[in-house]
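As they're listed, the protein sequences go chains A, B and C. Per numbering that gives the first Met the number 0, the first sequence runs over residues 0 to 334. Per numbering that gives the first Met the number 0, the second sequence runs over residues 0 to 507. Per numbering that gives the first Met the number 0, the third sequence runs over residues 0 to 359. Note that CB positions come from ideal geometry on N, CA and C, so glycine has one too.
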Amino acid sequence: MRKLLPILGMVVAAALPGCGFGADGGSGELTIYSGREQDLVGPLLDRYAKEEGVDIKVRYGTTPEIAATLNEEGDRSPADVFFSQDAGALGSLQAKGRLELLPTAILDRVDSRFRSPQGDWVGVSGRARVVAYNRERVREPDLPRSVLGLTAPRWKSKVGWAPTNASFESFVTALRKTEGESGAERWLRAMKANDTQVYENNVAIRDAVAKGEIEVGLINHYYVAEARAQEGPDYPVGIYEPPGGDPGALVNVAGAAVIAGAEHEDAARDFISFLLSREAQRYFAERTKEYPLAAGVKPAPGLVPLSSIRQPDVDLADLADLQGTVDLLERTGVL
Amino acid sequence: MGLAIGAATALPVAYLAITVGGSLDQALDTLWRERTLRLVLRSVGLAGAVTALAVALALPLAWLTARTDLPGRRAWTVLTLLPLVIPSYIGAYLIVSALGPRGLLQDLLAGPFGVERLPSIYGFPGALLTLVLFTYPLALLTIRAAMSRLDPQLEEAARGMGRSAWRTYRSVVLPQLVPAIGASGLLVALYVLHDFGAVSILRFDSFTRVIYTAYGTGSRTSAAALASLLVLVMLAVLWLEGRARGRLAYHRSAPGTARPPATVPLGRWRWPALAFCSAVVLLALVLPVGVLVYWSLQSVAGSPDWAGIGAGTGNSLIAAGMAAAVAALCALPVALLSVRFPGVASGLAERASYAGYALPGVVVALALVFFGTRAVPVLYQSLAMLVFAWVVLFLPQAIGSTRASLLQVSPRVEEAARAMGRSPLDVLRTVTTPLAASGVMAGAALVFLTAVKELPAALILAPIGFETLSTEIWGATSVGFFERGAVPSLVLLLVSAPPLYLLTARGR
Amino acid sequence: MSVIRSEGLAKSFHGKRAVAGVDLHVERGVVCALLGPSGCGKTTTLRLIAGFERPDAGRVLVGEKLVAGEGTFVPPERRRIGMVFQDYALFPHLTVESNVGYALGRSPDRTRVSEVLSLVGLERLAGRHPHELSGGEQQRVALARALAPTPEVILLDEPFSNLDAALRMRVRREMREILVEAGVTALFVTHDQEEALSLADRVAVMRDGRVEQEGTPEEVYGRPRTRWVADFLGDAEIVPGTAADGAVECELGRFPIPKELEGTVDVLVRPESVALGAGPAPGRDRSHEGVVVAREYYGHDQLVVVKLASGRRLRSRSMGFPIWHPGDRVRVWIEGPVNALAAEPAAAQATAISAADPGQ
């Protein structure tokens with residue numbers, strides 16, 4: 000116990016100074032709350048900090064956690080920018096008036112499908128749900144027009160999905176919006192009855208398709224793009240985007256917004272502007288293989304151009320309604 | 000002082016009250032849904048099942064490692080406790096990777112037996128297995144400490160009265176262990192109630208997971224309402240434990256000073272005992288660590304970010320060390336109060352401290368965000384804030400073990416010291432604390448072990464840029480580079496080993 | 000001068016009175032026993048004097064200094080008392096030496112430690128831990144620890160109750176010698192009358208939270224003030240009688256009594272004053288016919304129950320010889336002191352007997 004006392008002294012001494020957040024209001028500062036992982040966006044932020052001479056502080060976390068933190072902080076938040084993994088969290092903050100309107104000069108750089116209708120957040124990069132297929136076993140014309148067609152006997156035991164994956168859950172949420180609760184439930188049950196194979200994650204599905212274990216997998220586009228970048232153009236997995244606004248071709252976005260009452264508002268806008276710059280958009284296309292949403296940057300090779308994917312008729316901000324989806328997945332025994 | 004500490008740890012409850020009170024209609028709306036009841040039953044069912052199994056696993060292990068001549072007893076003591084350092088989120092991930100439908104085990108079986116897939120372990124069975132495997136050491140720790148402190152005279156007395164070994168165990172040893180079993184069961188049950196890592200990876204739709212998704216979708220009130228319900232469940236569990244604890248005195252009333260307990264020879268039973276210990280260690284330790292080492296080797300080939308891991312290790316040690324020290328210091332007055340002055344106020348103080356422990360880390364962290372930004376903006380997102388959050392979250396672990404050891408310190412010994420001219424504070428320092436030292440140290444070590452792997456509070460409250468091992472692991476695993484998270488995970492296990500060793504060494 | 004003094008000391012627990020006005024004076028250098036049955040409040044009295052409990056009423060003085068009462072409360076650590084607990088309360092984490100040293104403050108005087116340890120004869124065990132000692136040794140460590148800081152008084156709570164019979168006798172004697180040698184004032188609590196009588200200079204007999212009688216061992220045993228005290232301190236035969244002019248007349252004869260008593264009295268006869276013989280006692284004018292009805296043999300002595308011609312039963316304690324058998328006709332006479340008490344109403348007798356229930 001006697002040994003603990005000096006330690007306690009050190010605790011207080013060490014914990015107090017240098018605490019808190021920069022309150023000196025220097026213009027060269029910026030605090031970012033990032034729901035996107037450091038591994039993915041860290042290098043890009045570092046590059047920006049170095050080039051622009053901005054002292055960037057980034058708090059990383061999961062998108063739901065950060066959204067909740069921003070909610071609790073209210074107008075006392077030290078954050079200037081929220082860089083979100085998905086549109087849903089941005090939508091929930093928008094609904095609470097926690098976001099600052101963005102200038103049209105920024106908004107207009109992104110297709111209206113991928114930004115806030117109210118103008119307070121903007122999509123930065125996109126990820127599309129795709130039907131990945133084994134090019135040696137399946138020809139693209141043989142694939143059904145919609146993922147709804149995968150319940151046909153032709154696909155029995157030949158399809159893989161990862162029900163525990165967050166992107167899969169977003170897709171089911173979109174399905175509930177387009178097909179209605181009962182339609183979504185029917186499809187899930189039919190898929191299960193068709194012996195759809197369960198995998199841990201998207202990578203496992205992609206590899207199973209590549210090996211021919213299964214013929215078709217429901218995953219995100221960049222998993223295929225990454226593998227193709229490594230394995231070359233002969234990589235046996237192809238990408239198919241069901242046409243006609245099919246939920247199987249849902250494009251979700253990662254986006255950014257300025258926090259209401261941000262101390263460094265100008266710097267925050269400059270940063271978001273940077274995220275939409277050619278340099279940053281190219282980074283997303285090359286590094287994370289996501290769809291660039293601005294500056295006319297082309298996606299990674301082998302991908303369907305974004306302009307030819309028809310987004311299902313859902314508001315991206317609505318995709319945050321996860322609980323109903325989890326309930327449904329559970330009720331149908333998919334989880 | 001004990002009362003003040005109790006009040007401070009009840010901050011999360013105050014936060015819930017404020018949030019729920021803010022829009023009562025919406026909160027009640029959430030609570031009246033039929034799904035909510037189902038959630039309560041599911042979570043309580045899981046907590047009950049895990050607690051029962053964890054205690055059932057811990058009792059024989061504690062006895063074997065504390066009181067018998069089991070070959071390699073010291074080694075088994077450490078090995079059976081080691082799974083404690085594996086965070087449930089890593090544990091769950093590892094269990095899925097190893098035993099999942101297409102995990103490593105399936106890989107092994109696929110060749111010779113053509114097993115294409117194993118039955119799914121998602122949902123209840125997986126969550127149960129994972130949580131039992133990684134929480135039973137919590138129970139083992141407390142029960143083992145109590146068992147090695149048991150007065151052998153009592154057992155001898157019972158045996159002398161013609162009781163068989165088993166009846167002695169049941170009629171004398173077990174009742175003596177009731178406080179320890181109660182305290183450890185409480186820790187396990189509350190751990191399960193607040194755990195997020197395992198249930199989210201294993202997709203068991205528990206309370207915490209629903210609270211989490213509610214926060215994510217911005218329905219702060221629903222989340223707070225559900226969390227309040229969790230507080231009520233916790234109160235029920237506490238009440239149960241309090242009843243089990245009763246008003247008994249557990250210090251020696253016999254004259255003189257206890258001898259250390261005798262060792263029971265196992266004889267032929269040595270082999271089944273060894274097999275039992277091996278099975279537990281294999282499943283809870285060798286399997287997950289094996290997977291980790293396998294991945295680490297792959298990762299080392301890809302030259303991991305050693306500098307980052309080094310900084311994270313340092314930060315984890317500092318922050319968790321501080322939390323352990325502060326929690327130990329805070330636990331002593333609260334435990335003393337409840338042991339020496341049992342009453343309504345002291346009971347409340349002790350119980351209040353459990354509030355933080357039953358709540359998911361994310362709720363506690365958000366409560367401190369709420370109060371921190373409003374009351375002490377200077378401290379917001381400082382190291383002090385993180386340390387405070389961990390103390391709020393894990394104080395009961397320190398209180399539980401401090402309390403258990405205080406219960407065995409006779410008040411006469413303290414009075415003797417008073418009579419010798421020592422002030423109460425001096426007595427606390429020179430007699431009570433050294434006698435309860437094993438419990439206090441065990442508490443500090445426990446808090447360290449749990450804090451070092453804690454995730455949500457670290458993510459939300461740490462100073463910006465303050466990376467800990469757990470946030471690094473999370474950073475790597477959340478983008479699916481599990482190999483990259485393997486090295487920091489192994490480092491996490493390594494830094495947890497010394498306090499664990501301390502725990503077992505002191506427990507003798 | 001009273002080193003320990005309590006006046007009107009009272010204490011209740013949960014509305015139950017444990018101590019109800021205890022007055023106690025212990026002079027310097029005296030070993031005083033607080034004797035009473037279980038639940039009579041003797042341990043509470045001790046704890047009130049030590050300062051472990053706060054009195055509801057009354058006051059306590061230690062060394063002529065007010066330590067409790069009249070709005071004052073001196074905590075135990077500042078009362079200059081030494082305390083020996085029933086279970087010794089040795090510090091299990093400290094060696095014998097450190098246990099004793101603990102009493103001497105943060106930097107104990109090592110010569111004093113070895114001095115007290117040699118006083119109790121334990122120098123060679125200085126390095127041991129309490130659990131490595133026998134019960135008697137632990138007891139002596141507890142005593143040494145209490146004596147080390149040369150306290151004003153030393154309080155002992157049932158100090159021998161945890162020792163076996165053989166050990167108890169020896170330790171009692173040793174303890175008495177140590178206390179006398181240390182010249183310390185001691186107050187000890189016991190329920191064992193033999194222990195109180197053999198060890199103490201003064202005995203205070205407690206009953207229902209009060210001191211019933213206080214005096215030398217000879218006084219309380221030989222001249223009990225009440226039948227209850229008489230019964231509690233040993234076997235006693237009570238025979239009705241009439242007192243007048245410094246003597247008492249009863250069916251056993253006429254005896255001088257030291258008290259000014261008149262009228263109906265209870266005559267108190269201890270069994271050791273009842274003598275038996277085969278024929279009439281030499282030089283006795285009065286002996287009685289009796290028949291032996293029962294006998295308990297203890298080795299060093301025996302207890303014989305005889306029935307007189309009047310039908311009265313008397314107990315007689317005598318040497319182990321001669322051996323009597325039930326049915327033997329004997330002569331019975333009184334030899335030794337006889338005491339008389341004012342007769343008590345029957346109800347009071349009943350409570351006296353139940354309060355003196357053995358085995359507590």
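Give every residue of the same chain whose Cβ lies closer than 7 Å to the Cβ of residue i, excluding the five residues on either side of it in the sequence, and list them in chain order.
i        : result
Leu313/C : Glu236, Val273, Val305, Leu307 and Val331
Trp154/A : Asn193 and Val215
Ala56/C  : Gly7 and Ala9
Thr62/A  : Gly34, Ser83, Gln84, Asp85 and Ala88
Pro241/A : Val130, Arg144, Ser145, Val146, Gly247 and Ala248
Leu274/A : Val123 and Ala255
Glu368/A : Outside the displayed range of chain A (0 to 334) lies residue 368/A, so it cannot be described from this structure.
Cβ closer than 7 Å: which chain C residues qualify as neighbours of residue i?
i        : result
Arg411/B : Phe84, Asp86 and Ala88
Please determine, among the options, the residue with the shortest C-alpha to C-alpha distance to residue i.
i        : options                                   : result
Asp194/B : Leu394/B, Leu36/B, Ser42/B and Ala443/B   : Ser42/B
Arg108/A : Val121/A, Pro116/A and Glu99/A            : Val121/A
Gly298/C : Gly310/C, Glu288/C, Arg311/C and Ser317/C : Ser317/C
Pro300/A : Val252/A, Gly254/A, Gly231/A and Ala48/A  : Gly231/A
Pro311/A : Asn193/A, Ala255/A and Arg112/A           : Arg112/A
Leu251/C : Ser286/C, Ala242/C, Gly262/C and Ala229/C : Ser286/C
Ser422/B : Asp327/C, Phe84/C and Tyr101/C            : Tyr101/C
Pro303/B : Thr67/B, Pro70/B, Gln25/B and Ala485/B    : Ala485/B
Leu58/B  : Pro174/B, Ala357/B, Leu336/B and Ile85/B  : Pro174/B
Leu33/C  : Glu114/C, Pro54/C, Glu211/C and Gly240/C  : Glu211/C
Leu104/B : Leu273/B, Leu149/B and Leu286/B           : Leu286/B
Please go through the same chain and pick out, in chain order, the residues whose beta-carbon is closer than 8 Å to the beta-carbon of residue i, but skip the five residues on each side of it.
i        : result
Gly278/C : Arg330
Just the chain C side, please: which residues come within less than 8 Å of residue i by C-beta, in chain order?
i        : result
Ser147/B : Within 8 Å Cβ-Cβ: nothing; Ser147/B doesn't reach chain C, min ~14 Å.
Leaving out the 5 sequence neighbours to the left and right, which residues in its chain are closer than 6 Å to residue i when beta-carbon positions are compared?
i        : result
Gly21/A  : Only weak support exists for where Gly21/A lies, its pLDDT of 39 falling under 50; the coordinates are left without a value.
Ala496/B : none
Val509/B : This structure cannot settle anything about residue 509/B, because the visible part of chain B is limited to 0 through 507.
Tyr190/B : Thr134
Gly184/B : Thr50 and Val54
Arg188/A : Thr331
Which residues of chain B have a Cβ atom closer than 8 Å to the Cβ of residue i, listed in chain order?
i        : result
Ile80/C  : Ala418
Pro75/C  : Glu414, Arg417 and Ala418
Asn164/A : The contacting residues do not exist; Asn164/A stays about 10 Å from chain B at best.
Val57/A  : Ile463 and Gly464
Output, in chain order, the set of chain A residues within a Cβ distance shorter than 9 Å of residue i.
i        : result
Asp204/B : Val325, Asp326, Glu329 and Leu334
Under 9 Å between beta-carbons, which chain B residues line up against residue i? List them in chain order, please.
i        : result
Val148/C : A quick correction: the sequence has Pro, not Val, at residue 148/C. What Pro148/C touches in chain B: Met419 and Gly420.
Ala339/C : Near Ala339/C there are no residues of chain B at all, since even the closest Cβ is about 42 Å away, more than 9 Å.
Would you mind telling me which residues of chain B sit closer than 7 Å to residue i, beta carbon to beta carbon, in chain order?
i        : result
Thr172/A : Chain B residues near Thr172/A: none, gap ~11 Å exceeds 7 Å.
Phe51/C  : Glu414
For residue i, return the contacting residues in chain C, with the cut-off set at a CB-CB distance below 9 Å.
i        : result
Pro433/B : Phe90, His92 and Leu93
For the stretch 163 to 227 of chain B, which segments carrying the alpha helix (DSSP H) assignment without a break, of at least 4 residues, lie completely within its bounds, in sequence order? Secondary structure in the stretch 163 to 227 of chain B: the alpha helix (DSSP H) runs of 4 residues or longer, each lying completely within the stretch, are 164 to 167, 173 to 193, 196 to 200 and 206 to 215 in chain order.
Taking only runs that begin and end inside the stretch 59 to 127 of chain B, name each unbroken alpha helix (DSSP H) of 4 or more residues, in chain order. As far as the stretch 59 to 127 of chain B is concerned, its whole alpha helix (DSSP H) runs of at least 4 residues are 72 to 80, 87 to 98 and 103 to 112.
If we require 4 or more residues per run, which alpha helix (DSSP H) segments fall completely within the stretch 176 to 262 of chain A? Counting only runs of 4 or more, we get 201 to 210 and 220 to 230.
Where are the alpha helix (DSSP H) runs, 4 residues long or more, that stay fully inside the stretch 81 to 139 of chain C, in chain order? Residue ranges of uninterrupted alpha helix (DSSP H) with 4 or more members, entirely inside the stretch 81 to 139 of chain C and ordered along the chain, are 95 to 101 and 109 to 118.
Secondary structure, alpha helix (DSSP H): runs of 4+ residues fully inside the stretch 315 to 403 of chain B: Counting only runs of 4 or more, we get 343 to 357 and 360 to 374.
Okay, do the stretch 448 to 461 of chain B and the stretch 421 to 437 of chain B touch, 3+ Cβ pairs below 8 Å being the bar? Contact between the stretch 448 to 461 of chain B and the stretch 421 to 437 of chain B is absent: fewer than 3 CB-CB pairs across the two stretches fall below 8 Å.
Report the residue ranges of all beta strand (DSSP E) runs contained in full by the stretch 63 to 90 of chain A; include only those spanning at least 3 residues, in chain order. Listed in chain order, the complete beta strand (DSSP E) runs (minimum 3 residues) inside the stretch 63 to 90 of chain A are 80 to 83.
Where are the alpha helix (DSSP H) runs, 4 residues long or more, that stay fully inside the stretch 206 to 279 of chain C, in chain order? Runs of the alpha helix (DSSP H) inside the stretch 206 to 279 of chain C: 216 to 221 and 226 to 232.
Entirely within the stretch 442 to 490 of chain B and at least 4 residues each: give me those alpha helix (DSSP H) ranges in chain order. Residue ranges of uninterrupted alpha helix (DSSP H) with 4 or more members, entirely inside the stretch 442 to 490 of chain B and ordered along the chain, are 455 to 460 and 468 to 477.
Report yes or no: do the stretch 80 to 100 of chain C and the stretch 117 to 130 of chain C share at least 3 C-beta pairs separated by less than 8 Å? These segments touch.
State whether the stretch 58 to 71 of chain B contacts the stretch 128 to 147 of chain B, with contact taken as three or more CB pairs (one from each stretch) at a distance under 8 Å. Cβ pair count under 8 Å is three or more, so yes.
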